[in-house]
Amino acid sequence: AAPVVLARTEVGVRCLSNVCTHRANLIVDAPGCSQALRCRYHGRRFGLDGRFVSMPEFSTAANFPGPGDDLPVVPTGELGPLVFASLEPSIPFDQLVAPVRARTAFLPWERLVYAGARDYDIAAHWALYLENYLEGFHIPFVHAGLNQVIEYGDYRTETFDHGNVQIGIASGDPSAAFTLPRDHPDAGQRIAAWYFWLFPTTMINVYPWGLSMNAIIPLAPDRTRVRFATWIWDPAQRDRGAGADLHTVELEDEAVVENVQRGIRSPLYQRGRYSPTREIGVHHFHQLAVATLGSGRGV
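Rendered as structure tokens:
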């Protein structure tokens, strides 16, 4: 892991290495307001743009400071109030999130209010958790409550270059669906939720009340942490529709994924076939993973 710090400046947000370029001390350990970053080990100072500013006892050092004394800057992108960073982005951020923006640009991103985060630890490989997320095939069998508010027959998946979106259609209550503009790609449909997945481990779930963003954090071959972070733009919608009880849905998912982790170790199990109608997202994930590993990049 690479420790980083976000610095909000007059020209926007910068994501910087949080490791001092002198002796690798972590610079920032808590949120705060400051005009500069100062390492508390030996006093090296940096601007909020990451550039070296000053350092005690280095006046006689030759060829100092140099470019290596600045804090490395990590590429970032913004989606509403959300800031994304990647040490080695494989594609431009705007290209990655273009499918998200195409369907959600009409929503009041500027009104989003952060409502907290929660971690779930799961006794399973991260890819098994993701495979479960990427298909709605299991909804009638695993999620009794969700199945009551989603039209299973109309549930569909659309893929794009570096991710996909699952589209849930509301059943019954029209107030549990988005009010869409006439020129929207899904105009005329009762959309209960868009479940966006960005390769490899980011999920952005969009509901009429706001966002639930999930980040998968692999811990071990059989242990995964999933961080749920929530932002709300319409509290009145919070208890309606597909996004009303995310905690229960998560626990139901965890139970079946942990069972799969146990089952996949069986010498009697080889591998199953993909459903051509219901496991499009799983197949797409496997294709992207194979292509990435084949290029020499990790997943």
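Heads up, my numbering is the position in the sequence shown plus 335, with the first residue counted as 1.
Even glycine gets a Cβ: it sits at the ideal position worked out from N, Cα and C.
Q: Report the option in Thr565, Val617, Gly367 and Leu586 whose CA atom is closest to the CA atom of glycine 480.
A: As a working mapping, residue 480 is identified with position 145 in the sequence shown. Cα-wise, what sits closest to glycine 480 is Leu586.
Q: Locate the beta strand (DSSP E) running through tryptophan 566, then write down its first and last residues.
A: Walking along the sequence shown from the start, residue 566 turns up at place 231. First-last of the beta strand (DSSP E) with tryptophan 566: 558-567.
Q.
Considering only DSSP beta bridges, list what cysteine 350 is partnered with.
A. Numbered from 1 along the sequence shown, position 15 holds the residue referred to as residue 350. Leu341 and Val409, per the DSSP bridge assignment.
Q: Counting only the same chain and skipping the five closest in sequence on each side, list residues whose C-beta sits under 7 Å from that of phenylalanine 393.
A: Numbered from 1 along the sequence shown, position 58 holds the residue referred to as residue 393. Closer than 7 Å at the Cβ level, and outside the excluded window around phenylalanine 393, lie Phe399.
Q: Pick out whichever of Met538, Ala577 and Ala396 has its Cα sitting closest to the Cα of methionine 548.
A: Position 213 of the sequence shown, counted from the first residue, corresponds to residue 548. Among Met538, Ala577 and Ala396, the Cα nearest to that of methionine 548 belongs to Met538.
Q) Is proline 543 buried or exposed, if buried means 16 or more other CB atoms sit within 10 Å of its CB? A) Counting from 1 along the sequence shown, the entry for residue 543 is found at position 208. So proline 543 ends up on the buried side.
Q: Find out if the Cβ-Cβ distance for the pair isoleucine 551, tryptophan 461 is shorter than 7 Å.
A: Stepping through the sequence shown from its first residue, residue 551 is reached at position 216. Stepping through the sequence shown from its first residue, residue 461 is reached at position 126. Result yes, Cβ atoms of isoleucine 551 and tryptophan 461 sit closer than 7 Å.
Q) Out of curiosity, what's the CA-to-CA distance linking isoleucine 457 and aspartate 588? A) The sequence position of residue 457 within the sequence shown is 122, counting from 1. The sequence position of residue 588 within the sequence shown is 253, counting from 1. Rounded to the nearest angstrom, the two C-alpha atoms are 10 Å apart.
Q: State the DSSP-derived secondary structure class of tryptophan 529, mapped to helix, strand or coil.
A: Residue numbering aside, residue 529 sits at position 194 when the sequence shown is read from its first letter. Looking at tryptophan 529 - three-state DSSP - the assignment turns out to be strand.
Q.
Looking at the strands, I want to know which residues DSSP matches up with glutamate 493.
A. Residue mapping note: residue 493 aligns to position 158 of the sequence shown, counting from 1. BP columns for glutamate 493 point to Val500.
Q. When the Cα atoms are used, what is the spatial distance from serine 630 to leucine 623?
A. Taking the sequence shown and counting its residues from 1, the one referred to as residue 630 is at position 295. Taking the sequence shown and counting its residues from 1, the one referred to as residue 623 is at position 288. Distance between the alpha carbons of serine 630 and leucine 623: 11 Å.
Q) Would the region 433-447 and the region 517-531 be scored as touching if the rule is three or more Cβ pairs under 8 Å? A) yes
Q: Using the DSSP secondary-structure output, state which residues sit across from aspartate 456 in a beta bridge.
A: Counting from 1 along the sequence shown, the entry for residue 456 is found at position 121. Per DSSP, Arg560.
Q. Where does isoleucine 362 land, buried or exposed, given buried means 16+ other C-beta within 10 angstroms?
A. Counting from one through the sequence shown, the residue named residue 362 turns up at place 27. Looking at its Cβ environment, which holds 16 or more other Cβ atoms inside 10 Å, isoleucine 362 is buried.
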